[in-house]
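Just so it is clear: in the sequence shown, position 24 is 24 by the UniProt record's numbering, and no numbers are missing. For every residue, glycine included, the Cβ atom is placed at its ideal position computed from N, Cα and C.
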Amino acid sequence: MMYDLCTRNGLPHRNTKKWIVAQTEEQWAAALKTHEHAQKIGVPTRLIGRAEAQALEPEVQALAGIVESPTTGIVDSHALMTYLQGDFEDRGGDCAFLTRVTGIEALNGGKDGYRITAVTSDGTETSITAETLVNSAGNYACHINNMILPPQRHRTPYYAKGTYFSYAASFPKTSVLVYPATLPGYGGLGTHLTLDLGGRIRFGPDVEWVDNADDLVPSPARLEQALPEIKAYLPNVDPEAISLDYCGIRPKLGRGGAVNTGKGFQDFIIQEEEGFPGFINLLGIESPGLTSSLAIGEMVKGLLCWDWIVTQGNCHYAKNRATFRSYRRAPGKIGGSRVLGVGSVELRVRRRSGDGEINTLVLDNVLHMPNARCNGLSLPKYRETHPSTGVDGHGDHVEARSDNGSEPEWYAEGYHGLPRVVLAGEPQGESHLSDDEPYKLSVMASNEEMEKLWQRVENRSWVT
Ligand SMILES: Cc1cc2nc3c(=O)[nH]c(=O)nc-3n(C[C@H](O)[C@H](O)[C@H](O)COP(=O)(O)OP(=O)(O)OC[C@H]3O[C@@H](n4cnc5c(N)ncnc54)[C@H](O)[C@@H]3O)c2cc1C
């Protein structure tokens, strides 16, 4: 995704490749684990033999072995950020710089949105209300989390400072990035060799646990510690040419290892918080958060869907766990699709076109299908459970009325040729529907499948 974006928009980048180098048998075992894991998840890696290594990068030492990541590269991070900001603003986004969020109130548990209070640089306090709130506050993401979630769900932030060292000499040189194989339990990826787009070498970052996220003074004492690590893979390095450069702080959720073989390894947390609809937490987005930023964006996009399409299947279904008012876990499959649970959903809907009157539509026995393209309101099921409500449909327009047709209940309007329930506040979540493809949105469950589902949930208690 990143290469594609950079190529399409002329952002400076280079596919440098990366070598993970091992000096000991223990490091080699760790490097092989990374290789095996990469193969499993479809990330290309390959082992490099001694002769090839010598021919390609004669200055790099790897006594026990090398794993190459051929797709690793570098990007001009400032150019990338400027592009993303411009793209966001072109699409109607507003950035509020020099503005600090000081408080957040979940209105009606988040069902009516979030009131965000912020203070600008001149001390002016402002507030806005948002239906969807994505917490991507980096080192302060735990603080934002703790403003919203109850005390038992508060998070403690940990800070791993990383100091970089510049290299002023033109020898030795490499054309690949070089990472020492990381042993389990190490908080970072080792003091590695990185290149900038001009081909200049920089070493770092190391790992120094600090208590203050604003502690941004590079630590001179770290150079002594980093030197043996650097010399191990670049023996001809000139120590006199290495000097302190700058540092940064990574947000960590624990003091565990940085690789998935490490004890206490803590992956990124990217989730809509249970019981707080529309509140998405991005926690522990440390390295490689920049590389992953576009993929993280896609993931967040997929977390929220507000499209409730009226279908002709025999089951209601919802894509997001946070949509449910009550819920029972019931992992299994229905109609070949993954189901994680079943529960009730409360939708705040507009009663009829042209007025702002709001109604609450309760749907029971809704299947939680995380891979569904959207949410589905089954018309046959609705008719079965609401016998006194009449539902009329003309093409992609549907109207539900109770009391012999006198009382409007909810309605649906055309959206990509499909009848979509009109929700109060018209929340603008991400839609996975378009005009281009035909969709099969009706979920048909057989009696046997439903019986199995109820057997699975029988012994589980309801969660609200
Ligand atoms: C030393 C170091 C080396 C790294 N190397 C790499 C690498 O090689 N590759 C890679 O992919 N990643 C790397 N990273 C990680 C990468 O920089 C982060 O993962 C990425 O910046 C996270 O992006 P983010 O938007 O989640 O958070 P950030 O970039 O930290 O942005 C968070 C923003 O929220 C703002 N904010 C916080 N609190 C508030 C508040 N209360 N009100 C208003 N605004 C607030 C902050 O001011 C900041 O602008 C490195 C990080 C460090 C420190």
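Can you find the residues in the same chain that come closer than 6 Å, C-beta to C-beta, to residue 390, ignoring five residues on each side of it along the sequence?
Locating residue 390 in the sequence shown gives position 390, counting from the first residue. Close CB contacts of residue 390 within its chain, under the 6 Å cut and outside five residues either way in sequence, are with 401 and 405 (chain order).
Any contact between the stretch 235–242 and the stretch 287–300? By contact I mean 3 or more CB pairs, one from each, below 8 Å.
no
Kindly list the residues whose CB is nearer than 7 Å to the CB of residue 14, restricted to its own chain and excluding five residues on each side of it in sequence; keep chain order.
In the sequence shown, the residue the question calls residue 14 occupies position 14. Contacts found: 73, 74 and 197.
If I follow the unbroken beta strand (DSSP E) through residue 330, where does it start and stop?
The count along the sequence shown starts at 1 and reaches residue 330 at position 330. Under the DSSP assignment, residue 330 falls in the beta strand (DSSP E) whose first and last residues are 324–334.
In chain order, what residues of the same chain lie with their CB nearer than 7 Å to the CB of residue 111, ignoring the 5 residues before and after it?
The count along the sequence shown starts at 1 and reaches residue 111 at position 111. Excluding positions up to five away in sequence, the list reads 277.
Under 8 Å, do residue 61 and residue 233 count as touching if we go by C-beta distance?
For the purposes of this step, residue 61 is taken as residue 61 along the sequence shown, with counting starting at 1. For the purposes of this step, residue 233 is taken as residue 233 along the sequence shown, with counting starting at 1. Contact flag set, yes.
Report yes if the C-beta distance between residue 141 and residue 251 is below 8 Å; otherwise report no.
Mapped onto the sequence shown, residue 141 falls at position 141. Mapped onto the sequence shown, residue 251 falls at position 251. Going by C-beta atoms, residue 141 is nearer than 8 Å to residue 251.
Classify residue 371 as buried or exposed, calling it buried when 16 or more other Cβ atoms lie within 10 Å of its own Cβ.
Counting from one through the sequence shown, the residue named residue 371 turns up at place 371. Classification of residue 371: exposed, given that the 10 Å Cβ count is below 16.
Where are the alpha helix (DSSP H) runs, 4 residues long or more, that stay fully inside the stretch 131–197, in chain order?
141–148
Excluding five sequence neighbours on each side, which residues of the same chain lie with their C-beta closer than 8 Å to the C-beta of residue 369?
By one-based count along the sequence shown, residue 369 stands at place 369. Take residue 369, set aside five residues on each side of it, and the residues of its chain with a beta-carbon closer than 8 Å to its own are 317, 318, 319, 334, 337, 338, 339, 340 and 443, in chain order.
8 Å Cβ shell around residue 122 - same chain, five flanking residues per side excluded
The residue you call residue 122 lines up with position 122 of the sequence shown. Excluding residues within five positions, none has a Cβ falling inside 8 Å.
Identify whether residue 351 lies in helix, strand or coil by the three-state DSSP scheme.
As a first step, residue 351 is located in the sequence shown; it is residue number 351 there, counting from the start. Secondary structure at residue 351: coil, using DSSP grouped into helix, strand and coil.
Is any heavy atom in ligand 1 found nearer than 7 Å to the beta carbon of residue 466?
Any question about residue 466 goes unanswered here, given that the chain covers just 1 to 464.
Contacts around residue 104, its chain only, beta-carbon distance under 8 Å, and the 5 residues preceding and following it disregarded
By one-based count along the sequence shown, residue 104 stands at place 104. Cβ within range, chain order: 114, 115, 116, 117, 133, 144, 147 and 148.
What is the DSSP secondary structure of residue 304, counted as helix, strand or coil?
Taking the sequence shown and counting its residues from 1, the one referred to as residue 304 is at position 304. Note: residue 304 maps to coil in three-state DSSP.
Between the alpha carbons of residue 163 and residue 255, how many angstroms are there, rounded?
As a first step, residue 163 must be located in the sequence shown, where it is residue number 163. As a first step, residue 255 must be located in the sequence shown, where it is residue number 255. In a straight line, the C-alpha of residue 163 is about 17 Å away from that of residue 255.
CA-to-CA distance, residue 88 to residue 453, given in whole angstroms:
Translated into positions along the sequence shown, residue 453 becomes position 453. Translated into positions along the sequence shown, residue 88 becomes position 88. Those two C-alpha atoms are separated by around 43 Å.
On the CB-based measure, 16 or more other CB atoms within 10 Å of its CB, does residue 387 come out buried or exposed?
Reading the sequence shown from its first residue, position 387 is the one you call residue 387. Residue 387 is exposed by the Cβ-count criterion.
For residue 81 and residue 91, the rounded distance between their alpha carbons
Here residue 91 refers to the residue found at position 91 when the sequence shown is read from its first residue. Here residue 81 refers to the residue found at position 81 when the sequence shown is read from its first residue. So the alpha carbons of these two residues sit roughly 15 Å apart.
Please report the straight-line C-alpha distance between residue 308 and residue 374, rounded to a whole angstrom.
As a first step, residue 308 must be located in the sequence shown, where it is residue number 308. As a first step, residue 374 must be located in the sequence shown, where it is residue number 374. So the two alpha carbons sit approximately 7 Å from each other.
Should residue 178 be labelled buried (16 or more other beta-carbon atoms within 10 Å of its own) or exposed?
Working through the sequence shown from its first residue, we reach residue 178 at position 178. Residue 178 should be labelled buried.
Check the C-beta distance from residue 42 over to residue 275 and give it rounded, since I have them as a contact under 8 Å.
The residue labelled residue 42 in the question sits at position 42 within the sequence shown. The residue labelled residue 275 in the question sits at position 275 within the sequence shown. 34 Å between Cβ atoms; not a contact.
When you compare the CB positions of residue 203 and residue 216, do they come within less than 8 Å of one another, or not?
The count along the sequence shown starts at 1 and reaches residue 203 at position 203. The count along the sequence shown starts at 1 and reaches residue 216 at position 216. Not a contact, by the Cβ cut-off of 8 Å.
Pairwise C-alpha distance: residue 218 and residue 208:
Taking the sequence shown and counting its residues from 1, the one referred to as residue 208 is at position 208. Taking the sequence shown and counting its residues from 1, the one referred to as residue 218 is at position 218. Cα-Cα distance, rounded: 10 Å.
Residue 313 classed as buried or exposed, judged by whether at least 16 other C-beta atoms fall within 10 angstroms
Along the sequence shown, one-based indexing puts residue 313 at 313. Burial state of residue 313 is buried, judged by a 10 Å Cβ sphere holding 16 or more other Cβ atoms.
Taking its Cβ as the centre, do 16 or more other Cβ atoms sit within 10 Å of residue 358, making it buried, or is it exposed?
Taking the sequence shown and counting its residues from 1, the one referred to as residue 358 is at position 358. With fewer than 16 Cβ atoms within 10 Å of its Cβ, residue 358 is classed as exposed.
Tell me, to the nearest whole angstrom, how far the beta carbon of residue 408 is from that of residue 352; I am working on the premise that it is less than 8 Å.
On the sequence shown, residue 408 is found 408 positions in, with the first residue counted as 1. On the sequence shown, residue 352 is found 352 positions in, with the first residue counted as 1. About 4 Å; that satisfies the 8 Å criterion.
Let me know if residue 423 comes out buried or exposed under the rule of 16 or more other beta-carbons within 10 Å of its beta-carbon.
Along the sequence shown, one-based indexing puts residue 423 at 423. Burial call: buried.
Quick one: grab the DSSP three-state call for residue 8.
By one-based count along the sequence shown, residue 8 stands at place 8. In the three-state scheme derived from DSSP, where H, G and I count as helix and E and B as strand, residue 8 is classed as helix.
Quick check: the Cα distance between residue 464 and residue 326, rounded to an integer number of angstroms?
As a first step, residue 464 must be located in the sequence shown, where it is residue number 464. As a first step, residue 326 must be located in the sequence shown, where it is residue number 326. Low confidence applies here, because residue 464 scores a pLDDT of 46, under 50, leaving its location unreliable; read the following figure in that light. Each residue's Cα considered, the two are about 4 Å apart.
Tell me whether residue 101 counts as near ligand 1, meaning its Cβ is closer than 7 Å to at least one heavy atom of that ligand.
What you label residue 101 is simply residue 101 of the sequence shown in a count that begins at 1. Indeed, a heavy atom of ligand 1 lies less than 7 Å from the Cβ.
Between 213, 414 and 68, which has its C-alpha nearest residue 36's C-alpha?
Here residue 36 refers to the residue found at position 36 of the sequence shown. Closest option to residue 36, Cα to Cα, is 68.
What are the residues that DSSP puts in a beta bridge with residue 19?
Position 19 of the sequence shown, counted from the first residue, corresponds to residue 19. Per DSSP, 68 and 178.
Count the other CB atoms, across all protein chains shown, that sit within 10 Å of the CB of residue 223; report buried if there are 16 or more and exposed otherwise.
Reading the sequence shown from its first residue, position 223 is the one you call residue 223. So residue 223 ends up on the buried side.
Beta-bridge pairing of residue 470 - partner residues as DSSP gives them
Because the chain here runs from 1 to 464, residue 470 falls outside it and cannot be looked at.
Just checking residue 290 against ligand 1 - is the residue's beta carbon closer than 7 Å to any of the ligand's heavy atoms?
On the sequence shown, residue 290 is found 290 positions in, with the first residue counted as 1. Because some heavy atom of ligand 1 lies under 7 Å away, the Cβ of residue 290 counts as near it: yes.
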